[in-house]
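Student:
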Amino acid sequence: MFASRPPTSLTSRWKAWVAAVMLASLAVAGCQTTPPAGRLSPAQLAVLQQEGFMQTGEGWELGLTDKVLFGFNEDLIEGDRAANVQRIGRALSGVGIERLRVDGHTDDAGSADYNQSLSVRRAEAVARLLADAGFARDNIEVRGLGKNRPVADNRTAAGRAENRRVAIIVSVD
Numbered sequence: 272m273f274a275s276r277p278p279t280s281l282t283s284r285w286k287a288w289v290a291a292v293m294l295a296s297l298a299v300a301g302c303q304t305t306p307p308a309g310r311l312s313p314a315q316l317a318v319l320q321q322e323g324f325m326q327t328g329e330g331w332e333l334g335l336t337d338k339v340l341f342g343f344n345e346d347l348i349e350g351d352r353a354a355n356v357q358r359i360g361r362a363l364s365g366v367g368i369e370r371l372r373v374d375g376h377t378d379d380a381g382s383a384d385y386n387q388s389l390s391v392r393r394a395e396a397v398a399r400l401l402a403d404a405g406f407a408r409d410n411i412e413v414r415g416l417g418k419n420r421p422v423a424d425n426r427t428a429a430g431r432a433e434n435r436r437v438a439i440i441v442s443v444d
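At position 82 of the sequence shown the residue is numbered 353 (my numbering), and the sequence of numbers has no breaks.
#1: Report the rounded CA-to-CA distance for residue 304 versus residue 327, giving the unit in angstroms.
#2: Out of 375, 312, 359, 397, point me to the one whose CA is closest to residue 387's CA.
#3: Return helix, strand or coil for residue 408, following the three-state DSSP convention.
#4: Quick check: the Cα distance between residue 444 and residue 381, rounded to an integer number of angstroms?
#5: How should residue 373 be labelled, buried or exposed, when 16 other C-beta atoms within 10 angstroms of its C-beta is the threshold for buried?
#6: Restricting to runs no shorter than 4 residues, where is the alpha helix (DSSP H) found entirely within the region 371-426?
#7: Among the residues of its own chain, which have a CB less than 6 Å from the CB of residue 331, if the five just before and after it don't count?
#8: Thinking residue 430 and residue 423 are a contact (beta carbons under 8 Å), I'd like their distance in whole angstroms, please.
#9: Secondary structure at residue 330, three-state DSSP: helix, strand or coil?
#10: One question on the structure: do residue 433 and residue 370 come within less than 9 Å of each other, judged by their Cβ atoms?
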């Protein structure tokens, strides 16, 4: 009868090394795969949360405190506000977020038609800054919602100011 030869320590180490290399290769390959459609990667989620986006029924929306607010009858973004929008755009683009929606809003002062037009101009102003930050303009959907979705009471000056805004939404559809 032949006695089986006990594995040498070299053979055991070789098998352990091969197993470790295979596991490491699988882990790296898993990190490089694109998330399935409708899903965001952990890195994308981290940037959205870091920038103040909140998950809503429509996707990830820029949080209320970080929305781009406008003055009365204003659709221009300049200075620190423009720099902030571009910084956010670069952060999102940097983690591979390629598509955005920009929703413009107004307070309830003025006619519905005028507010609709103003809300589109506000959204377009933000879309231009995001395009300047690296987003393909064709990948930015612009919507004007006029005075239809207030987030604050239009009966107060503070509430009207909060309603003059643009929201940036990252959809997970």
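Glycine included, each C-beta is placed from N, C-alpha and C at the ideal position. Computed from a predicted structure; not experimentally measured.
Tutor: The answer reads as follows:
#1: Any answer about residue 304 is weak, because its pLDDT of 41 lies below 50 and its placement is not dependable; what the coordinates show is given next. About 26 Å.
#2: 375
#3: If DSSP states are grouped into helix, strand and coil, residue 408 belongs with the helices.
#4: 35 Å
#5: Flag for residue 373 reads buried.
#6: Taking only runs of at least 4 residues, the alpha helix (DSSP H) segments lying wholly in the region 371-426 are 383-403.
#7: 319, 324, 441
#8: 4 Å
#9: strand
#10: no
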